[in-house]
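Remarks on the structure that follows.
Number of protein chains: 2
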Amino acid sequence: MTIYTVFVEPKTSGNIGFLARCMKNFGLKKLILIKPCKLKDDAYYQAMHAKELVENAQIYETLDEFIEDKQITQTIATTGTPGGSYNIPRIPITASQMGEKINPEKQNIALLFGREGDGLSNEELEKCDTLVTIPTSEEYPIMNITHAASIIFYEIYKNTQKTYPIDDMDIADYEDKQVLNQAIDEITQKLDYPDYKQKQVNILAKRIIGRAFITGRELRTMRGLLNRINKRIENKQEE
Amino acid sequence: MTIYTVFVEPKTSGNIGFLARCMKNFGLKKLILIKPCKLKDDAYYQAMHAKELVENAQIYETLDEFIEDKQITQTIATTGTPGGSYNIPRIPITASQMGEKINPEKQNIALLFGREGDGLSNEELEKCDTLVTIPTSEEYPIMNITHAASIIFYEIYKNTQKTYPIDDMDIADYEDKQVLNQAIDEITQKLDYPDYKQKQVNILAKRIIGRAFITGRELRTMRGLLNRINKRIENKQEE
Numbered sequence: 001m002t003i004y005t006v007f008v009e010p011k012t013s014g015n016i017g018f019l020a021r022c023m024k025n026f027g028l029k030k031l032i033l034i035k036p037c038k039l040k041d042d043a044y045y046q047a048m049h050a051k052e053l054v055e056n057a058q059i060y061e062t063l064d065e066f067i068e069d070k071q072i073t074q075t076i077a078t079t080g081t082p083g084g085s086y087n088i089p090r091i092p093i094t095a096s097q098m099g100e101k102i103n104p105e106k107q108n109i110a111l112l113f114g115r116e117g118d119g120l121s122n123e124e125l126e127k128c129d130t131l132v133t134i135p136t137s138e139e140y141p142i143m144n145i146t147h148a149a150s151i152i153f154y155e156i157y158k159n160t161q162k163t164y165p166i167d168d169m170d171i172a173d174y175e176d177k178q179v180l181n182q183a184i185d186e187i188t189q190k191l192d193y194p195d196y197k198q199k200q201v202n203i204l205a206k207r208i209i210g211r212a213f214i215t216g217r218e219l220r221t222m223r224g225l226l227n228r229i230n231k232r233i234e235n236k237q238e239e
Numbered sequence: 001m002t003i004y005t006v007f008v009e010p011k012t013s014g015n016i017g018f019l020a021r022c023m024k025n026f027g028l029k030k031l032i033l034i035k036p037c038k039l040k041d042d043a044y045y046q047a048m049h050a051k052e053l054v055e056n057a058q059i060y061e062t063l064d065e066f067i068e069d070k071q072i073t074q075t076i077a078t079t080g081t082p083g084g085s086y087n088i089p090r091i092p093i094t095a096s097q098m099g100e101k102i103n104p105e106k107q108n109i110a111l112l113f114g115r116e117g118d119g120l121s122n123e124e125l126e127k128c129d130t131l132v133t134i135p136t137s138e139e140y141p142i143m144n145i146t147h148a149a150s151i152i153f154y155e156i157y158k159n160t161q162k163t164y165p166i167d168d169m170d171i172a173d174y175e176d177k178q179v180l181n182q183a184i185d186e187i188t189q190k191l192d193y194p195d196y197k198q199k200q201v202n203i204l205a206k207r208i209i210g211r212a213f214i215t216g217r218e219l220r221t222m223r224g225l226l227n228r229i230n231k232r233i234e235n236k237q238e239e
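Taken in order, these protein sequences are the chains called A and B. The letter at position 67 of the first sequence is residue 67 when you use full-length UniProt numbering, and the numbering goes up by one with no holes. The letter at position 25 of the second sequence is residue 25 when you use full-length UniProt numbering, and the numbering goes up by one with no holes.
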């Protein structure tokens, strides 16, 4: 089961390259072009290290041929101009709602991106199972097509990937944090705070650390700092 | 209070235009250029209906001049190459974590985007309060700069459409943070760290505070704590 990225009647060769790069950034490999413009050098140049996606792009004359050929089970179109509830063919969900719902393991999914400028026709939109819109400023809602695509890819990747860069790092665990809070408590105890105030300071420090997504490495460095401070204050008192 | 989009040493005039368009798509208006390349026609052409953002872009010679001039309280940099937990200056949070925490109503926020290709230098990254990374495929993690920017803008836009408990809080301002970082530096100077290590500890403390989106009240309490600690260590040395 696969996710296909489908560029319908691209007019600008360079945009095909940009799209390919965005695809590879988010682990998408299958590029489909429906009745595309002539692929010039800039299609390969803008693709940077995703040239092979452009080289391996499959070309179809019509959207229907592609949908039938690849046995697409879920057709998702993005529209920059979502209709109100009065315009049934254009009622969309948001990109993040789509990202949460999508399930590439079980489906052949086609992500449709329309012609630059004109977008997808109502007829094409009516063929789609899901319409997706990206919340944008009313003052200028029309995004460049590859920038819109990168956000769609990002929302899918975010939701289908279990690991983020930060998840790969050793996030401080409960015991680590207890030790850190204890070290803070030991220091504040020595600083002649009134009890209620010392308790406040400890809670506050604990909160800040909690909010900061502190990693294990950072925590160990912080603990080292607190130990040095604690020792210095101790020394002072011993004298 | 404002969000500034800061393009550090752009090399390609067209990218400035693409960035301006992405900004306006997500309601951002203030474009800052640090030591930019010459602005050619394509900067205005690629901006499409965001030309005025390029025309009104403010240019600075250095990042420091801008940060001081605009009294920036939260400097957020995106990095395509997040360090592991071993690399303290490069520990990031994800774009969505940033979007959930950011509070433009109460802060002067700078979103930094580095030179095409090279990105931001370690020195520049060390100046930042928060590092943000976009989860991407390991096979090709390096995004085009304006596509990365559009995802950052999108996450901020998505989240600032709602209101947050933190909105009611007084966010620490520019001077407050300078004073706090100074207080931390004064303490670490006294703790017999090797220079490189002391610098690391300062950056780390600054980052944790940055990531925690600390409030003015919290900051004043922290400063009180640090002053007590600093005084104690001083006393010890005087004896």
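Virtual Cβ for every residue (Gly too), placed ideally from N, Cα, C. Here the structure is a predicted model, which is why all the values come from computation and not from measurement.
Counting only runs that start and end inside the stretch 129–205 of chain A, the alpha helix (DSSP H) elements of at least 4 residues fall at 145–160, 165–168, 174–189. At a cut-off of 9 Å between beta-carbon atoms, Q178(B) makes no contact with chain A. If the five residues before and after I152(B) are omitted, its C-beta is found closer than 7 Å to the C-beta atoms of T78, A95, L111, V132, all from its own chain and listed in chain order.
Excluding five sequence positions before and after D185(A), the CB atoms of its chain that fall closer than 6 Å to its own CB belong to N202, given in chain order.
In this structure, A50(A) sits near N25(A), with a CB-CB distance shorter than 9 Å. If you check the CB distance, I34(A) and I72(A) do not come in under 9 Å. Between A149(B) and L19(B) the beta-carbon gap is near 6 Å, inside 8 Å, which marks them as a contact.
Of Y193(B), E139(B), G216(B), T221(B), the smallest CA-CA separation from R21(A) is found for E139(B). Counting along the chain, the unbroken alpha helix (DSSP H) around K51(B) starts and ends at 51–55. P10(B) is the residue among G216(B), A205(B), P10(B), K40(B) whose C-alpha sits nearest the C-alpha of L31(B). In terms of Cα proximity to I145(A), the closest of V8(A), G216(A), T130(A) is V8(A). Residues of the stretch 11–30 of chain A whose Cβ lies closer than 8 Å to any Cβ of chain B, in chain order: F18, R21, C22, K24, N25, F26, G27.
In the structure shown, F113(B) falls within a strand segment according to DSSP collapsed to helix, strand and coil.
The beta carbon of L28(B) is closer than 7 Å to those of I3, T5, F153 in its chain, skipping five residues each way along the sequence. Interface flag for V201(B) against chain A is set, since a Cβ pair is found closer than 9 Å. C-alpha of K70(B) to C-alpha of S121(A): approximately 45 Å in a straight line.
By the rule that beta-carbons nearer than 9 Å mark a contact, I109(B) does not touch chain A. Excluding its 5 nearest sequence neighbours in each direction, A57(B) has C-beta neighbours in its own chain below 6 Å: L31, L33, listed in chain order.
With its beta carbon at least 9 Å from every one in chain B, A57(A) lies outside the interface. Taking C-beta atoms under 8 Å as the contact rule, M23(B) and L63(B) fail to qualify, at a distance of about 19 Å. The beta-carbon of D129(A) is placed no less than 9 Å from the nearest beta-carbon of chain B. Inter-residue distance for E126(A) and Q74(A) is about 13 Å (C-alpha atoms, whole angstroms).
Taken through DSSP and simplified to helix, strand or coil, G119(A) comes out as strand. Against chain B, the CB of A77(A) has no partner CB under 9 Å away; the residue lies outside that interface.
Listed in chain order, the non-local C-beta contacts of T130(B) below 6 Å within the same chain comprise I76, G210, R211, local neighbours out to five positions each way being set aside.
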